[in-house]
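K.L.:
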Amino acid sequence: MSAGAQLSVTDQRRMARHPVDHPVIAEHYGKGDMRMHIANISANGFMIDDAESIGRGERVVVRLPVIGRIEAYCIWCRDNRAGFQFERIIRVDDFLAMIDTLQPNPRLRKLR
1 MSAGAQLSVT
11 DQRRMARHPV
21 DHPVIAEHYG
31 KGDMRMHIAN
41 ISANGFMIDD
51 AESIGRGERV
61 VVRLPVIGRI
71 EAYCIWCRDN
81 RAGFQFERII
91 RVDDFLAMID
101 TLQPNPRLRK
111 LR
C-alpha cells in the first residue's frame, strides 16, 4: 500500500493563485476544529500562513463560500506556511463566484 494522500486530482500547483484574506475553522480528523487563515487560493487548493501544527499528508475539511464543505490534503509545509490540495475538482463557475465573494476588490483579482 502506498503512503500519502490518494487524490482524485493530479497535483497542479501551476494554477493561478488568487490572494485572499479568509479565516476559516477547519475540521481536522485527529485534532478537532482548528483556526486557519487562507492567504491564497486556486481552483485546485489553497495556502495558509499560520501552519504551526499541520504536517504533510494531514487532512482537513473547510467550509468555503459558494463551494461549501470540501476536504483538502496538506501537500507541503515550509516555515509557517502550508499548501493544501482539494480532494475533488471545483467547477469553474463555482470557483469564480467564490473568488468574487472572497476578493471583492476587482483590482486584486486575476484577469480571467
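First residue of the sequence shown? That's 1 in UniProt numbering, and the numbers climb one at a time after it. Built from N, CA and C at the ideal position, the CB exists for glycine as well.
#1: Is D49 helix, strand or coil when you go by DSSP?
#2: Can you give the Cα-Cα distance for M1 and A72, rounded to whole angstroms?
#3: Rounded to whole angstroms, what's the CA-CA distance from D100 to K31? Just pull it up for me.
#4: Look at A51 and R81 and say whether their C-beta atoms are less than 8 Å apart.
#5: Where G57 and D94 are concerned, what is the direct C-alpha to C-alpha distance, given to the nearest angstrom?
#6: Assuming F84 and I90 form a contact by the criterion Cβ under 8 Å, report the distance between their Cβ atoms to the nearest whole angstrom.
#7: Alpha carbon to alpha carbon, what distance is there between Y29 and V20?
#8: Take V92 and list the residues in its own chain whose beta-carbon comes closer than 8 Å to its own, dropping the five residues that flank it on each side.
#9: How about L64 and M34: are their beta carbons less than 8 Å apart?
#10: Relative to the C-alpha of I41, which residue among I67, G55, A16, V61 is closest?
#11: Tell me, which residues are paired with D93 by DSSP?
#12: Per DSSP, what kind of secondary structure is I54 in: helix, strand or coil?
P.N.:
This is what the structure gives:
#1: coil
#2: Low local confidence applies: a pLDDT of 44 at M1 is under 50, so the model's placement there is unreliable, with the coordinate-based value given in what follows. Answer to the nearest angstrom: the Cα atoms are 21 Å apart.
#3: 31 Å
#4: yes
#5: 26 Å
#6: In fact, because the Cβ distance is near 13 Å, the residues do not count as touching under 8 Å.
#7: 25 Å
#8: A43
#9: no
#10: A16
#11: None; D93 has no bridge partner.
#12: coil
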